[in-house]
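Worksheet: one structure, shown below.
In full-length UniProt numbering, the protein residues as written are 1 to 625.
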């Protein structure tokens, strides 16, 4: 096997026999798993073999032909969407614990500010691609083709990252290109949330969204955990494909490439789109049907949805921004912060950060499993859960703040000592003037609060906010809106790392923590103010029922409203009793007065006419809840 001499004049080692055996064992396991999986699905694939090229045609994906009484959620496609959401999200956090030490080896001229740009450029790619993916999905009425395009882009970016060490170009700009391409590919994650919202019935929607957000949350938190699996492979490692080395810094890129390839295979062979939750599906409308008769047009008119609450959507956008702002900043300065605050070497910082992220991922996974096992959206109050999550973020920053009254100062060294071998650890007092006035946070307090507060706040916020945002939009195609929802998070990841890295360089971690406290506090304040607006969309049918049940009495031609809503059963029982009393009064007055109509009949007719006028307003009337 051809050897390659790295830039550090260290010779790569031959591939260990134990590692070769492990690769063959892993390959055998994957082949066995996929063969068993495919054997179960063979009859299904045979049926689709004649029509599979239509999957990639730019035509609208058909909706189920069943009646609205038989529409149900296709859970297998939801499971596939959850797995793909994990693959797309893990690309962001897979390098965080190793990329900074890797840059210090291959190019020491890259500083903390440039590292912030490396992290932020990922979000630039997402901001560009997310609305384009959403628009394309709405245009062709399918998510499969945009998902495949995104996975191919992520594969290209990861391959470029593997070539970072061997190209004779500035490492900083090559790394910017790699992360931007991966970010553009991961912009398709918004389509998976859209699919979970529109492919599930109203009854199953919160649980379906929980599966997809579970995959996203696990991908965002378990990236460094994968890095922990490769820490035993020292740099420069061994040559795998010619000059391309396999070590603890490049192993995440190889893993990401395998995930992208597996994702494309699953999309081609296993994924089928069913949109049980769309309003046009409930009206027996087929998305690609061009021939519409009068009955279908009438059904489409009845299924027309009112506009969603824009202010509630803006609060959701702000919440997503805050969540990604905090998460991205903690991931960006995680390794440099640990090396500075606790005087750790690069390898120890990578290992401890990976362990902490693994624990957060375990708590996240447990939270989602607990919610999914409940199988009921009534078990979670979305609004209260969002508020408590932001309270948890504020508590974490208050606990881990470097308060002046803490007894132990941070370990410092000067520029002269930094040139010595082994390299000193701690805070570089020559480079950072704030080192002398910085107090050390207790390491156990920092990581325990990080695991508990962040591990509980992020998954609960993901479940509650994604579910509530979907209900605010209503049963409509949500590709564009979900794209803007993701843009709000990626915009935070764009400006957050750059802003935090500059604040960290100039003023230290205290100012960075103060900024995050201010953003989280402002978002919590907005939730408290607009708490009453954060409610699901009231569709036309539900509005009609609400308006009809709100008007409880009619006296002398004047309509009065009651503050309480009656159930459907009570409304029907009251209607039947009114009809019986009306018929009795009509018969009695007909006998006594020669067939003249009674007063209750006039009141009943007046109420019917008034309700007819009210219901024609199509939801514009404000009813008391």
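Note that CB positions come from ideal geometry on N, CA and C, so glycine has one too.
Endpoints, the beta strand (DSSP E) within which residue i is located
i	result
residue 245	244-246
Rounded separation between residue i and residue j - CA only
i	j	result
residue 191	residue 143	6 Å
residue 271	residue 125	26 Å
residue 391	residue 450	14 Å
residue 45	residue 74	With a pLDDT of 33 at residue 45, under the threshold of 50, the modelled position of this residue cannot be trusted; read the value that follows with caution. Rounded to whole angstroms, residue 45 to residue 74 spans 17 Å at the Cα level.
residue 431	residue 509	15 Å
residue 98	residue 359	18 Å
residue 530	residue 156	43 Å
residue 413	residue 475	60 Å
residue 116	residue 354	20 Å
residue 405	residue 439	8 Å
residue 72	residue 526	37 Å
residue 315	residue 185	27 Å
residue 178	residue 231	23 Å
residue 258	residue 306	44 Å
residue 218	residue 113	28 Å
residue 532	residue 384	12 Å
residue 104	residue 343	17 Å
Bounding residues of the alpha helix (DSSP H) (the contiguous stretch that carries residue i)
i	result
residue 527	509-529
residue 196	189-198
residue 223	223-228
residue 112	112-140
residue 159	144-162
residue 394	382-399
residue 469	455-473
residue 267	251-269
residue 534	That residue, residue 534, is in no alpha helix (DSSP H); it is neither H nor E in DSSP.
residue 171	171-185
residue 81	75-93
residue 424	That residue, residue 424, is in no alpha helix (DSSP H); it is neither H nor E in DSSP.
residue 325	310-332
residue 438	No alpha helix (DSSP H) contains residue 438, which DSSP labels as neither H nor E.
Distance CB(residue i)-CB(residue j) smaller than 8 Å
i	j	result
residue 317	residue 85	no
residue 181	residue 200	no
residue 523	residue 322	yes
residue 351	residue 228	yes
residue 445	residue 399	yes
residue 81	residue 262	no
residue 187	residue 83	no
residue 189	residue 486	yes
residue 520	residue 388	no
residue 254	residue 246	yes
residue 494	residue 110	no
residue 434	residue 320	no
residue 158	residue 256	yes
residue 332	residue 497	yes
Cβ neighbour criterion (16 or more within 10 Å) applied to residue i
i	result
residue 562	Confidence is the limiting factor: at residue 562 the pLDDT is only 37, short of 50, which leaves the residue's position unreliable and the question unanswerable from this model.
residue 252	buried
residue 310	exposed
residue 167	exposed
residue 382	buried
residue 119	buried
residue 164	buried
residue 242	exposed
residue 268	exposed
residue 366	exposed
residue 537	buried
residue 436	exposed
residue 410	buried
residue 503	buried
residue 408	exposed
residue 403	exposed
residue 459	buried
residue 170	exposed
residue 528	exposed
Contacts around residue i, its chain only, beta-carbon distance under 7 Å, and the 5 residues preceding and following it disregarded
i	result
residue 349	335, 338, 339
residue 210	368, 371, 372, 463
residue 133	146, 150, 187, 188, 190, 191, 483
residue 454	360, 396
residue 308	472, 473, 474, 537
residue 213	462, 463, 466
residue 130	187, 190, 483, 486, 487, 490
residue 95	252
Residue i beta carbon near the ligand COA (any heavy atom closer than 7 Å)
i	result
residue 236	In terms of ligand content, the structure shown is empty, and the ligand COA therefore cannot be addressed.
8 Å CB neighbourhood of residue i in its chain, flanking five on each side removed
i	result
residue 101	249, 335, 346, 347, 349, 350
Beta-carbon proximity list for residue i, same chain, < 6 Å, skipping 5 on both sides
i	result
residue 204	73
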